[in-house]
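For reference, the structure is listed below as structure tokens.
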Amino acid sequence: MKLIYALIFVSVGLASCKDDGYHPCVNSSGGIRAENRATAQFTGVDLRLDGKLEISQGAQNVVVEANDSQVPYIRTRVENGILIIDSDRCLKGGNFKFSVQLDDLQSLNVSGSGDAIVNGNFKPENARFTISGSGDIKGSLDAKSLHAVISGSGGMDIHGNAENLDAEISGSGRIKAFGLLSNHVNSRISGSGDLECHATQSLNAQISGSGDVRYKGSPVIESHISGSGKVLNSN
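What follows is the structure, encoded as structure tokens:
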């Protein structure tokens, strides 16, 4: 039964990226152009296209850059305070770039193989960064708490400060956070994913599989390990 569902899922996914007579794929053509988008207020960004996203702090602004033929099919809309960047059409080829400015970044999600860079000096009370797929997130922030989640083979490279870091990795993803100074770190790893962290007071590591937790600092350590994963001192 699971195999049947998997085959159906794959078939639907393939169908969404092929010409069907009703919604043919849009090929990249024409020159590259940038288009400013007006949106409602938002405090989070959800990238659902395989493009490059750059986030910086400032007056809210959204710019889409792509081939002339594909710009009209890239959607930017706000739902529940989250800016969603996606398309309801199959877009073939082309290079997508998105520049987003906002005053307060509280959440960032990257789906697929998109890449996001966070610049500036964001200071959210609580932040959540998530990756599903092979995408990457790089950046810095100063938060009271950061919840970092990876499902798949994606990677995060985070710097700055977070009083509390809550890290979850399922699959082969990797979170590099030696440069994120944290008082308390809670980690949950399933699979072969790895976490690098800098904890000053406490580190709780729950590992199932072959993933490792590498730490800097001198925290009190509590670990629960099933499998070949390890907690390693990287000082």
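As numbered in our numbering, the sequence shown has no gaps in its residue numbers, which increase by one up to the final residue, 239.
All C-beta atoms, glycine included, are put in the ideal place defined by N, C-alpha and C.
Straight-line Cα distance separating residue j from residue i
i, j, result
"E58", "G177", "21 Å"
"A166", "G156", "24 Å"
"D107", "K148", "17 Å"
"G98", "E226", "48 Å"
"S60", "N239", "32 Å"
"H188", "L236", "17 Å"
"L145", "K180", "14 Å"
"K234", "N168", "21 Å"
"F182", "S33", "43 Å"
"A203", "G175", "23 Å"
"N71", "E39", "11 Å"
"I86", "F46", "5 Å"
"I154", "G137", "8 Å"
"Q64", "R41", "10 Å"
"G62", "D161", "22 Å"
"I78", "D140", "21 Å"
"E200", "Q110", "22 Å"
"E172", "E83", "25 Å"
Residue closest to residue i, alpha-carbon to alpha-carbon, out of the options
i, options, result
"H163", "D54, F126 and R192", "F126"
"A120", "Q110, A131 and S103", "S103"
"S73", "G62, C94 and N65", "C94"
"S232", "T204, Q205 and S196", "S196"
"S222", "G215, Q205, V66 and D216", "Q205"
"A44", "V68, E69, A203 and R81", "R81"
"I193", "K220, L185, D161 and S230", "S230"
"L150", "S136, E129, D140 and D161", "E129"
"V49", "I78, L112 and H228", "L112"
"D92", "K101, P76, N84 and E83", "P76"
"S117", "A152, R52, I78 and G62", "R52"
"D170", "G158, V68 and N190", "N190"
"G159", "S115, S214 and L207", "S115"
"G55", "I89, V224, H228 and E83", "I89"
"K101", "A131, V66, I173 and D216", "V66"
"G215", "L207, N123, D198 and L185", "D198"
"G143", "V122, Y219 and E172", "V122"
Collapsed DSSP secondary structure at residue i in the structure displayed
i, result
"G25", "Reliability of the predicted coordinates at G25 is poor, the pLDDT of 48 falling under 50, and no value is obtained from them."
Residue-chain proximity (residue i, chain D), Cβ-Cβ < 8 Å
i, result
"G177", "This model lacks chain D altogether; it includes just one protein chain."
Bridge partner(s) assigned by DSSP for residue i
i, result
"L112", "V49 and F133"
"T80", "I89"
"K56", "K101 and D119"
Residue i CB to nearest heavy atom of the ligand MG below 7 Å
i, result
"S238", "The ligand MG is not part of this structure, which contains no ligands at all."
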